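2 protein chains.
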Amino acid sequence: MTGARHLLTISQLAGYAGATIKAVRVYHERGLLPEPPRDSSGYRRYGAEHAIQLMKIRTLVVAGVPLARIKELLAAGPERFAAAIVEIDRSLSKRADEIDLARRRIAQLHGGDRLFVSAEVAGYLDRLREAGISERTVLLERDLWILLQSAAPEQAAAWIADKLEAVTDPAFLALYLDYDAAVDWPPDDPRLTTVAERTRRWYAERATSAEDGPPADPVIFRLAAAAAGASSPAWARIAELAKQVP
Amino acid sequence: MTGARHLLTISQLAGYAGATIKAVRVYHERGLLPEPPRDSSGYRRYGAEHAIQLMKIRTLVVAGVPLARIKELLAAGPERFAAAIVEIDRSLSKRADEIDLARRRIAQLHGGDRLFVSAEVAGYLDRLREAGISERTVLLERDLWILLQSAAPEQAAAWIADKLEAVTDPAFLALYLDYDAAVDWPPDDPRLTTVAERTRRWYAERATSAEDGPPADPVIFRLAAAAAGASSPAWARIAELAKQVP
DNA sequence: GCTTGACCTTGCCCCGGGGGCAAGGTTCCA
DNA sequence: TGGAACCTTGCCCCCGGGGCAAGGTCAAGC
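Chains as they are written, first to last, in this note's numbering: chain A, 92 to 337; chain B, 92 to 337.
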């Protein structure tokens, strides 16, 4: 009569615990769930004790605990088990936070540049837009910042702080608007000398008024200048002109 | 000078987007991220456009979107993309709910039987405990319900409704306490005939007062009786005695 | 009895999303 | 000039099962 204690088939067991037949067999293989007795034709026959164990296993599995760790936990003493539960709960709550963050980020996916550059740089770019800089130039500037932030994050951070200050200066914005207007001029346009002159003046004034300029790492600076120059021959020419009469 | 547009190494790119070098190479293989130009020694050199694409990829990856789907999405038009974003957000919110549920379940892992049986059965078991039934017998009853719920969920549901009603009857509880006391008696204990007599009377009374008894599926009923009988020879004897004098 | 469909068994290969390591080439910095 | 830190390709491995094959078994209906 004790055979009546093991009357569940594998699919009944799996269905009850929200698992699949395959999963149950995997748990047998990995030693998480003891193999039950077999009936006369070799079918596995389960009892309530297996159902209980399987429910525990599934609860931990859906909580994201790896099978190897589940095996340890089920074999461990209650105090170790309780400690593990606390830790698992913590990791679940962390996962929930990550999901929250992921939701906020995918929501920004079809939107602006905040996903691609730091908040500071995004703010800077928005100031440029407000000042009337063309979207094309803003995007060039954005790409430059992406390169900078990738190649030298802390230098970029120091630099953007400087730029956020500069952008409050109307003279800087005016100069930037000149550059924006000049982007498509031919390199031999005579107006470029004027822009170069204004550039020199602004830098000179700035060097006297604020003693700490951008932490001029020459390598990075040159790369940035080269990238900008590559985008616009006119800009490259302005840089050349501004250097010529120091 | 256009080489300056591609100045990031693979590790700089990966670091910026929170990926690993290996992951970036996988995205190349799968066609998610275009292969960048190589420098003179065969190293990959990336530009801002790759950084932007990689950020998009990573955002979707951490949101749990499979790489194959990400590839489709990046190639699709904006309206299809937007629709997908909505769907991804919904699935993320579902995941968040699942995590919530998982947390509540692991919290019950070291606690009572509510994890292993339905809420109704758990309530029934608690009523038995309140009535003074020994924990050992309650656990036997619980295991029986686990078998029942696994093997025939809807029959078990109908049956538990019946039991929840029975448990409000003091006569039923008194009878159950008799069984609890008898669990370890030898099968030839003379007191068993008294219990059998009370059992017969209770069933007779119930059959007249409530016309709809439990939906007596004979197979399931017999299995349950056999399981109970296997746990206690005395209970098996009571069942035999109660049948003998119909 | 006989078929039909649902179930069960083992065994094998497959997937995604990379990780790890080997074995070699390159670049940077002191 | 030498070692650390990069980079390259290639190969095998991990988890947690899914899918399929090739067979054995069971219950219901005719």
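All residues carry an ideal CB built from backbone N, CA and C; glycine is no exception. These figures come from a predicted structure and were not determined experimentally.
(1) Report the neighbours of Phe263(A) on chain B: residues whose CB is nearer than 7 angstroms to its CB, in chain order.
(2) Here's the rule I'm using: 16 or more other beta-carbon atoms within 10 Å means buried, otherwise exposed. How should Asp234(A) be labelled?
(3) Taking DSSP's pairing of strands, which residues face Tyr137(B) in a bridge?
(4) For the stretch 282-298 of chain B against the stretch 253-273 of chain B, do three or more pairs of beta-carbon atoms, one drawn from each stretch, fall closer than 8 angstroms, so that the two count as touching?
(5) Could you tell me how far apart the beta carbons of Leu104(B) and Ala139(B) are, in whole angstroms, since I believe they sit closer than 8 angstroms?
(6) Please confirm whether Trp326(A) and Ala242(A) have their CB atoms less than 9 angstroms apart.
(7) Return the chain-ordered ranges of every alpha helix (DSSP H) run that is complete within the stretch 230-269 of chain B and spans a minimum of 4 residues.
(8) Here's the rule: buried if 16 or more other CB atoms are within 10 angstroms of the residue's CB, otherwise exposed. What is Asp271(B)?
(9) Compute the beta-carbon to beta-carbon distance between Leu88(A) and Ser322(A), rounded to the nearest angstrom, for a pair I have assumed lies under 8 angstroms.
(10) In whole angstroms, what is the alpha-carbon distance linking Pro305(A) and Leu164(B)?
(11) Within the chosen definition, does the stretch 205-216 of chain A reach the stretch 172-184 of chain A through at least 3 CB pairs nearer than 8 angstroms?
(12) Taking only the alpha-carbon atoms, compute the straight-line gap between Asp188(B) and Glu178(B) and give it to the nearest angstrom.
(13) Do you know offhand how far Lys254(A)'s Cα is from Ala247(A)'s?
(14) With DSSP as the reference, identify every bridge partner of Arg129(A), one or two as the case may be.
(15) Tell me whether the beta-carbon of Ala193(B) lies closer than 9 angstroms to the beta-carbon of Thr150(A).
(16) With 9 angstroms set as the bound, which would you pick, yes or no: does the beta-carbon of Met92(B) sit closer than that to a beta-carbon of chain A?
(17) Can you find a C-beta in chain B that's less than 9 angstroms from the C-beta of Pro244(A)?
(18) Span of the alpha helix (DSSP H) holding Gly214(B)?
(19) According to DSSP, is His201(B) helix, strand or coil?
(20) How would you label Glu137(A), buried or exposed, when you count the other beta carbons within 10 angstroms and need 16 or more for buried?
(21) Quick one: using the 10 Å Cβ neighbour count with 16 as the cut-off for buried, is His97(B) buried or exposed?
(22) Taking the alpha helix (DSSP H) that Val274(A) belongs to, which residues open and close that run?
(23) Mapping the DSSP letters down to three states, classify Leu158(B) as helix, strand or coil.
(24) Return the Cβ separation of Leu123(B) and Lys162(B) in integer angstroms, given the expectation that the two are a contact with Cβ distance under 8 angstroms.
(25) Would Gly214(B) count as contacting chain A if we go by Cβ distances under 9 angstroms?
(26) Below 8 angstroms on the Cβ atoms is my contact criterion, and I expect Ala276(A) with Leu283(A) to pass it. Report the Cβ-Cβ distance as a whole number of Å.
(27) Measuring alpha carbon to alpha carbon, tell me which of Ile190(A), Gly106(A), Leu264(A) ends up nearest Glu221(A).
(28) Taking only the alpha-carbon atoms, compute the straight-line gap between Gly320(B) and Val156(B) and give it to the nearest angstrom.
(29) Would you please verify whether the beta carbon of Arg233(A) is less than 9 angstroms from any beta carbon of chain B?
(30) Comparing the C-beta of Val153(A) with each C-beta of chain B, is any distance below 9 angstroms?
(31) Return the residue from the list Leu332(A), Leu145(A), His201(A) that minimises the CA-CA distance to Gly109(A).
(32) Taking CB distances under 9 angstroms as the criterion, tell me whether Arg289(B) reaches chain A.
(33) Scan the stretch 164-191 of chain A for residues whose Cβ lies nearer than 8 angstroms to a Cβ of chain B and list them as they occur along the chain.
(34) From Ala318(B), Ser225(B), Val229(B), pick the residue whose C-alpha is nearest to that of Asp204(B); which is it?
(35) Using beta-carbon positions only, say whether Pro159(B) and Arg186(B) come within less than 9 angstroms of one another.
In this structure, then:
(1) Result: empty, since nearest Cβ-Cβ is about 23 angstroms, beyond 7 angstroms.
(2) Burial is judged here by how many other beta carbons sit within 10 angstroms of a residue's own beta carbon; Asp234(A) has at least 16 and is buried.
(3) For Tyr137(B), which the question treats as bridged, DSSP gives the partners Leu99(B).
(4) Three or more Cβ pairs closer than 8 angstroms define a contact, and the stretch 282-298 of chain B meets that threshold against the stretch 253-273 of chain B.
(5) In this structure Leu104(B) is not in contact with Ala139(B), their Cβ atoms being roughly 10 angstroms apart against a cut-off of 8 angstroms.
(6) Cβ atoms of Trp326(A) and Ala242(A): not closer than 9 angstroms.
(7) Fully enclosed alpha helix (DSSP H) runs of 4 or longer: 244-257.
(8) So Asp271(B) counts as buried.
(9) In the structure displayed, chain A extends from 92 to 337; residue 88(A) sits before or after that span and is not available.
(10) Low confidence applies here, because Pro305(A) scores a pLDDT of 48, under 50, leaving its location unreliable and the question unanswered by this model.
(11) Because the criterion of three Cβ pairs below 8 angstroms is not met, the stretch 205-216 of chain A and the stretch 172-184 of chain A do not touch.
(12) Between Asp188(B) and Glu178(B), the C-alpha separation is close to 15 angstroms.
(13) Their backbone Cα atoms lie some 10 angstroms apart in a straight line.
(14) Within the DSSP bridge table, the entry for Arg129(A) names Arg135(A) as partners.
(15) Annotated as proximal: Ala193(B) and Thr150(A), with beta-carbon spacing under 9 angstroms.
(16) With a pLDDT of 42 at Met92(B), under the threshold of 50, the modelled position of that residue is not reliable, and the figure given next carries that caveat. Among the residues facing chain A, Met92(B) is included, as its CB has a counterpart in that chain under 9 angstroms away.
(17) Closer than 9 angstroms to the CB of Pro244(A) there is at least one CB belonging to chain B.
(18) Gly214(B) -> alpha helix (DSSP H) spans 210-221.
(19) DSSP places His201(B) in the coil class of the three-state scheme, outside both helix and strand.
(20) Strictly speaking, residue 137(A) in this sequence is Tyr, with Glu absent from that position. So Tyr137(A) ends up on the buried side.
(21) By the 10 Å Cβ count, His97(B) comes out buried.
(22) Premise fails: Val274(A) is in no alpha helix (DSSP H) and is neither H nor E.
(23) Helix.
(24) A Cβ-Cβ separation of about 5 angstroms places Leu123(B) in contact with Lys162(B) under the 8 angstroms criterion.
(25) Look at Gly214(B): its C-beta is not under 9 angstroms from any C-beta on chain A.
(26) A small fix is needed here, since residue 276(A) is Trp in this sequence, not Ala. 7 angstroms between Cβ atoms; contact.
(27) Residue nearest to Glu221(A) within the set Ile190(A), Gly106(A), Leu264(A) is Leu264(A) (criterion: CA-CA distance).
(28) In this model, Gly320(B) and Val156(B) are separated by some 53 angstroms (Cα to Cα).
(29) Yes - at least one Cβ of chain B is within 9 angstroms of the one on Arg233(A).
(30) Yes, its Cβ sits closer than 9 angstroms to a Cβ of chain B.
(31) Across the set Leu332(A), Leu145(A), His201(A), the C-alpha of Leu145(A) shows the shortest separation from the C-alpha of Gly109(A).
(32) It does not; no Cβ of chain A falls within 9 angstroms.
(33) Going along the stretch 164-191 of chain A in chain order, one finds Pro169, Phe172, Ala173, Ile176, Ile179, Asp180, Leu183, Ser184, Arg186, Ala187, Glu189, Ile190, Asp191 with a Cβ nearer than 8 angstroms to chain B.
(34) It is Val229(B).
(35) The sequence given here has Ala at residue 159(B), not Pro. Between Ala159(B) and Arg186(B), the CB-CB gap reaches or exceeds 9 angstroms.
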